[in-house]
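J.:
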Amino acid sequence: MQTAFLFEETWARDNIRLTRPATLLLLSLAICARLAAQTPQTKDAKRPLPQLDPATELGPALRRFVDVFSVVQREAADQPQVDKMIYEGAIPSMLRQLDPHTQFFDPAQFDQLKRMEESEQKGFGSIVSVLPGQVIFLQTLPGTPSNKAGIQAGDELLAVNNIAIRALDVEQIGQLLTEARQQKISIYVRRRGSPKPLQFTLTPELVDAPSVDRAFPLAPGVGYIRVSSWDVQTAAQLRSALDKLGAAQLRGLVLDLRNNPGGVVKSALDAAAMFLQPGQRILTAKGRATELQVADVPKNAKPYSFQMAVLINEKTASASEILAGALQD
Numbered sequence: 021m022q023t024a025f026l027f028e029e030t031w032a033r034d035n036i037r038l039t040r041p042a043t044l045l046l047l048s049l050a051i052c053a054r055l056a057a058q059t060p061q062t063k064d065a066k067r068p069l070p071q072l073d074p075a076t077e078l079g080p081a082l083r084r085f086v087d088v089f090s091v092v093q094r095e096a097a098d099q100p101q102v103d104k105m106i107y108e109g110a111i112p113s114m115l116r117q118l119d120p121h122t123q124f125f126d127p128a129q130f131d132q133l134k135r136m137e138e139s140e141q142k143g144f145g146s147i148v149s150v151l152p153g154q155v156i157f158l159q160t161l162p163g164t165p166s167n168k169a170g171i172q173a174g175d176e177l178l179a180v181n182n183i184a185i186r187a188l189d190v191e192q193i194g195q196l197l198t199e200a201r202q203q204k205i206s207i208y209v210r211r212r213g214s215p216k217p218l219q220f221t222l223t224p225e226l227v228d229a230p231s232v233d234r235a236f237p238l239a240p241g242v243g244y245i246r247v248s249s250w251d252v253q254t255a256a257q258l259r260s261a262l263d264k265l266g267a268a269q270l271r272g273l274v275l276d277l278r279n280n281p282g283g284v285v286k287s288a289l290d291a292a293a294m295f296l297q298p299g300q301r302i303l304t305a306k307g308r309a310t311e312l313q314v315a316d317v318p319k320n321a322k323p324y325s326f327q328m329a330v331l332i333n334e335k336t337a338s339a340s341e342i343l344a345g346a347l348q349d
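First residue of the sequence shown: 21, per this note's numbering; consecutive thereafter.
1) In terms of residue numbering, what span does the alpha helix (DSSP H) encompassing glycine 194 cover?
2) Could you tell me whether the Cβ atoms of valine 209 and isoleucine 147 are closer together than 8 Å?
3) Does the Cβ-Cβ distance between aspartate 290 and arginine 246 come in under 8 Å?
4) Assign proline 165 to one of three DSSP states: helix, strand, or coil.
5) According to the neighbour-count rule (16 or more other Cβ atoms, all chains shown, within 10 Å of its Cβ), is glutamine 348 buried or exposed?
6) Report the residue from Gly345, Gln327 and Glu334 whose alpha carbon sits nearest the alpha carbon of isoleucine 302.
7) On the DSSP bridge assignment, give the partners of arginine 116 in chain order.
8) Note down the Cα distance separating serine 206 from proline 281, rounded to an integer number of angstroms.
9) Buried or exposed for asparagine 320, going by 16 or more other Cβ atoms inside 10 Å?
10) Please name the residue in Leu343, Gln154 and Arg308 whose C-alpha comes closest to that of alanine 315.
11) Give the DSSP-derived three-state secondary structure of arginine 308 in the structure shown.
12) For arginine 201, collect the residues of the same chain with a Cβ closer than 6 Å to its Cβ; drop the 5 residues on either side in sequence, then sort them by chain order.
13) Does the stretch 255–266 come into contact with the stretch 175–187, if we say contact requires no fewer than three beta-carbon pairs (one atom in each stretch) closer than 8 Å?
14) Specify the secondary structure class of glutamine 297 as computed by DSSP and reduced to three states.
15) Looking only at DSSP bridge pairs, what is proline 237 linked to?
16) To the nearest angstrom, report how far apart alanine 267 and leucine 218 are at their CA atoms.
17) Can you give me the C-alpha to C-alpha distance between glutamate 334 and glutamine 300, rounded to a whole angstrom?
18) Cα separation between leucine 197 and isoleucine 183?
19) Using C-beta distances below 6 Å, list every residue in its chain close to threonine 221, excluding the 5 sequence neighbours before and after it, in chain order.
20) Have a look at the DSSP bridge pairing and note the partners of glutamate 225.
21) Proline 83 to threonine 310, Cα distance in whole Å?
22) In or out: aspartate 251 buried (at least 16 other Cβ within 10 Å) or exposed?
23) Which residue or residues does DSSP assign as beta-bridge partners of tyrosine 107?
24) Does the distance from the CB of valine 285 to the CB of alanine 339 come in under 8 Å?
25) Give every residue of the same chain whose Cβ lies closer than 6 Å to the Cβ of alanine 292, excluding the five residues on either side of it in the sequence, and list them in chain order.
26) Below 7 Å CB to CB, which residues in the same chain sit around arginine 186 once its five sequence neighbours on both sides are set aside?
27) Note down the Cα distance separating arginine 234 from alanine 261, rounded to an integer number of angstroms.
28) When you compare only the Cα positions, how much space is there between leucine 265 and aspartate 131?
29) Starting from glutamate 176, follow its DSSP beta bridges and name the residues at the other end.
30) For glutamine 159, count neighbouring Cβ atoms within 10 angstroms of its own Cβ and tell me buried if that reaches 16, exposed if not.
31) Using only alpha-carbon positions, find the residue among Val150, Asp228, Pro215 and Gly283 that is nearest to glycine 163.
32) Quick one: grab the DSSP three-state call for valine 330.
33) Take glutamate 341 and list the residues in its own chain whose beta-carbon comes closer than 6 Å to its own, dropping the five residues that flank it on each side.
34) Grab me the residues of aspartate 126's own chain with a C-beta within less than 8 Å of its C-beta, minus the 5 sequence neighbours each way, in chain order.
35) Looking at C-alpha atoms only, which residue of Gly272, Val242 and Ser231 is the closest neighbour of glutamine 253?
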C-alpha cells in the first residue's frame with residue numbers, strides 16, 4: 021500500500037459538533053485530556069510516579085506560592101474560596117505551562133466526562149466552526165432539530181438566548197454551546213442575502229451523529245471517507261463505510277482527517293489495522309514514569325490493499341496523528 025499525505029491550512033480555527041462529546045474541545049475545550057485514559061496500557065503503566073523532594077527541587081517556588089497564597093487569604097477584600105483558587109486557578113495555570121491541550125479534571129468532573137462519552141447525548145445536530153466572536157454553521161444533520169428548523173450551512177450564529185456571540189472568546193463560546201444543549205433555546209442567525217437576522221427556536225433531542233460522516237465515490241474505483249473524531253464506534257463505522265463503497269474493488273481511498281481532534285485511541289488503532297500489514301508497529305510510547313508501550317497490527321488482520329491519500333491539517337491531533345503517522349511510516 022502506498023500512502024500520500026496532503027497538509028492543508030484551514031480558514032476555521034476549530035470545528036465543534038453540538039451533538040457529541042467526542043469532538044473538538046468537548047464543546048468546552050476539554051476533549052484532549054481524555055486521551056490519557058485511552059492510551060494503550062501495560063502492566064507497568066500504573067507504576068508509582070517518582071517522588072520529588074520539595075526541599076531541593078520545589079522548595080523556593082513552593083515557598084513563594086505559599087507566601088502569596090497566605091497574603092491573599094489574609095488581605096483579600098472578600099473571603100477567598102480556597103478550593104476554587106486551587107482547582108480553577110493554580111492547577112489549570114500550572115498545566116497551561118506544559119501545553120495548551122492539557123487540562124485538569126477533579127474526580128467529579130472526570131466521572132461526568134466518562135458518562136458523557138458512554139451515554140447518548142442531546143443536541144441540535146449541527147456542525148459548526150468557531151472563532152473568537154464568531155460561529156458559522158457548516159452542516160446540519162438530516163432529521164435533527166437544527167435541520168428541521170431550517171438552519172443552513174453558511175449561517176452565522178449571532179446570539180443564544182440573547183447572549184451575543186461577538187463578545188465571547190472560544191472557551192466561552194464552547195461553554196455556552198454546552199449549556200445550550202440542556203434546554204430549549206432561542207437563537208439569532210445572519211444569513212447571506214437576508215436583510216435582517218433570522219430567529220429560530222430549538223429544542224434539544226437525542227441525536228445520532230456518526231463520526232464517519234461522509235463517504236462517497238470520487239471517481240470510478242476511488243472512494244472518499246471523512247472521519248471527524250474517534251469514539252468507540254468509529255472503527256466499525258469506518259469499516260461499514262468501506263464496505264458500502266465496495267472496498268474490495270477500490271483502487272484508491274482518500275481518508276480525510278482534517279479538523280479531527282482525536283478521541284478514543286483504541287478506535288484509531290483498530291482503524292490502522294485495516295490498512296497496515298499484520299505485525300506492523302502502529303504505536304510506540306514511553307513516558308518518564310512508564311515503561312515502553314507498543315501497539316502492533318494483530319497477526320490475523322486482513323488489511324485492504326488499495327492506495328491511499330490522507331488529508332491532514334493543523335487541527336489533526338492525537339489519535340488522528342497516530343493513525344496518520346502509522347500510515348505514513
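All residues carry an ideal CB built from backbone N, CA and C; glycine is no exception.
T.: Put simply:
1) 190–200
2) no
3) no
4) helix
5) exposed
6) Gly345
7) Paired residue(s): none; arginine 116 is not in a bridge.
8) 29 Å
9) exposed
10) Leu343
11) coil
12) Lys142, Gly143 and Pro224
13) no
14) coil
15) Gly243
16) 44 Å
17) 27 Å
18) 11 Å
19) Ser206
20) Gly143
21) One detail in the question is off: residue 83 reads as arginine in this sequence, not proline. Those two C-alpha atoms are separated by around 30 Å.
22) buried
23) Looking at the DSSP assignment, tyrosine 107 forms no beta bridge with any residue, so it has no partner.
24) yes
25) Ile302, Leu343 and Ala346
26) Gly153
27) 9 Å
28) 38 Å
29) Ile156 and Arg210
30) buried
31) Asp228
32) strand
33) none
34) Tyr107
35) Ser231
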